[in-house]
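Asks: According to numbering that gives the first Met the number 0, the residues represented by the sequence shown are 0 to 218, in order.
Glycine residues also receive a C-beta, built at the ideal position from the N, C-alpha and C atoms.
Here it is: the structure, laid out below.
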Amino acid sequence: MTRTVYFVSGSPFAWRVMLAMGLKGLEYEAVELHGSKGDLKTPEYLQLNPRGKVPVLVDGDVTVYESLAILAYLDRAYPEKQIFGHTPADAALIWQRVAEVDAYLGAAMVGAVRPVFTGAYEGKESEINESFATIRAEITTANQWLGDNDFIVGNTPTAADITLYPALAMLARVGSAIDVPGITPNLPDYTSELPALVAWMKRIEALPGYDAAYPPHWR
Ligand SMILES: N[C@@H](CCC(=O)N[C@@H](CS)C(=O)NCC(=O)O)C(=O)O
0 MTRTVYFVSG SPFAWRVMLA MGLKGLEYEA VELHGSKGDL KTPEYLQLNP
50 RGKVPVLVDG DVTVYESLAI LAYLDRAYPE KQIFGHTPAD AALIWQRVAE
100 VDAYLGAAMV GAVRPVFTGA YEGKESEINE SFATIRAEIT TANQWLGDND
150 FIVGNTPTAA DITLYPALAM LARVGSAIDV PGITPNLPDY TSELPALVAW
200 MKRIEALPGY DAAYPPHWR
């Protein structure tokens, strides 16, 4: 059976799906799309995802969009190496972390990083700085989630890790590169300030399938 993931290089939403597939040992074809070329708005692509966004997974005759729906699908379709936990309490905590990442860190990233990178920041500096303040607080919170564990929930990787990791990796990469008047990301230096988070990132980077999922334009 052919499995295809449609992605845009660096999309944290697509990256989480590809990390999940790697973790589960699933082979897949990764089809890279380019928003600037209109690839996401072609009639053919809109048939797969009427919102014209990545990721989309096509798994045989099943097509799914929305990254969290794809993770949930993968866990039901390929239950070995479950990423949503084995007990009700674990499942609840994993979903809680996943929802927190999307609702707070993810939303703040949309409010801060996206306008800076699309050049649509003029007149929005104070809102963007507020979003960066939220991002800083959420990074500290994520560091606290780890506690003494190897992963965000317990000692095996779950959907909580693969939802959080792409966002933090993107912030580590772009945060220091933002040089826009009036905008002060002030993101922490993970290595000196958050060593536990750095050690956790290295654990994610050692997982099966990590290299195949790495954004091609960052290589
Ligand atoms: N809630 C969606 C978000 C997907 C999303 O926003 N994808 C972005 C890339 S990071 C995209 O495809 N943007 C293209 C567009 O909006 O035209 C998910 O979790 O899959």
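Would the beta-carbon of residue 175 be found less than 7 Å away from any heavy atom of ligand 1?
Replies: To locate residue 175, count along the sequence shown from 1; it is residue 176. No - ligand 1 has no heavy atom lying nearer than 7 Å to the Cβ of residue 175.
Asks: Following the continuous alpha helix (DSSP H) through residue 44, name the residue where it begins and the one where it ends.
Replies: One-based indexing of the sequence shown puts residue 44 at position 45. Looking at the DSSP string, the run of the alpha helix (DSSP H) that includes residue 44 is 42-47.
Asks: I'd like to know whether the C-beta atoms of residue 7 and residue 16 end up nearer to each other than 8 Å.
Replies: Here residue 7 is taken as the residue at index 8 of the sequence shown, counted from 1. Here residue 16 is taken as the residue at index 17 of the sequence shown, counted from 1. No, these two residues do not count as a Cβ contact at 8 Å.
Asks: Going straight from the alpha carbon of residue 173 to that of residue 90, what length do you get?
Replies: Here residue 173 is taken as the residue at index 174 of the sequence shown, counted from 1. Here residue 90 is taken as the residue at index 91 of the sequence shown, counted from 1. Approximately 32 Å between the Cα atoms of the pair.
Asks: So which residues touch the region around ligand 1, with touch meaning a C-beta under 5 Å from any heavy atom?
Replies: This criterion selects 10, 12, 52, 53, 65, 66.
Asks: Nearest to residue 69 by alpha carbon, out of 198, 162, 184?
Replies: Stepping through the sequence shown from its first residue, residue 69 is reached at position 70. Of the listed residues, the one whose Cα sits closest to residue 69 is 162.
Asks: State whether the region 44-54 contacts the region 100-112, with contact taken as three or more CB pairs (one from each stretch) at a distance under 8 Å.
Replies: No, they do not touch.
Asks: Which of the three DSSP states is assigned to residue 6 in this structure?
Replies: Taking the first residue of the sequence shown as position 1, residue 6 is located at position 7. It is a strand residue.
Asks: Based on Cα-Cα distance, which residue from 74, 171, 116 lies nearest to residue 188?
Replies: The sequence position of residue 188 within the sequence shown is 189, counting from 1. Answer by Cα proximity: 171.
Asks: Please name the residue, chosen from 202, 56, 2, 140, that lies closest to residue 157 on a Cα-to-Cα basis.
Replies: Locating residue 157 in the sequence shown gives position 158, where the first residue counts as 1. Checked all of 202, 56, 2, 140; the closest Cα to residue 157 is 202.
Asks: Assuming residue 208 and residue 22 form a contact by the criterion Cβ under 8 Å, report the distance between their Cβ atoms to the nearest whole angstrom.
Replies: The sequence position of residue 208 within the sequence shown is 209, counting from 1. The sequence position of residue 22 within the sequence shown is 23, counting from 1. Between residue 22 and residue 208 the Cβ distance is about 6 Å, and since that is below 8 Å, they are a contact.
Asks: According to DSSP, is residue 219 part of a helix, a strand, or is it coil?
Replies: In the structure as shown, the chain begins at 0 and stops at 218. Residue 219 is therefore absent and cannot be evaluated.
Asks: Which residues mark the beginning and the end of the beta strand (DSSP E) in which residue 117 is found?
Replies: The sequence position of residue 117 within the sequence shown is 118, counting from 1. Per DSSP, residue 117 belongs to no beta strand (DSSP E); it is in the alpha helix (DSSP H), 106-117.
Asks: Less than 8 Å between the beta carbons of residue 53 and residue 12, yes or no?
Replies: Here the question's residue 53 lines up with position 54 in the sequence shown. Here the question's residue 12 lines up with position 13 in the sequence shown. Yes, Cβ-Cβ distance for residue 53 and residue 12 is below 8 Å.
Asks: What separation, rounded to the nearest whole angstrom, lies between the Cα atoms of residue 18 and residue 73?
Replies: Locating residue 18 in the sequence shown gives position 19, counting from the first residue. Locating residue 73 in the sequence shown gives position 74, counting from the first residue. Approximately 12 Å, taken between the alpha carbons.
Asks: Cα separation between residue 123 and residue 177?
Replies: By 1-based counting over the sequence shown, the position of residue 123 is 124. By 1-based counting over the sequence shown, the position of residue 177 is 178. Their backbone Cα atoms lie some 15 Å apart in a straight line.
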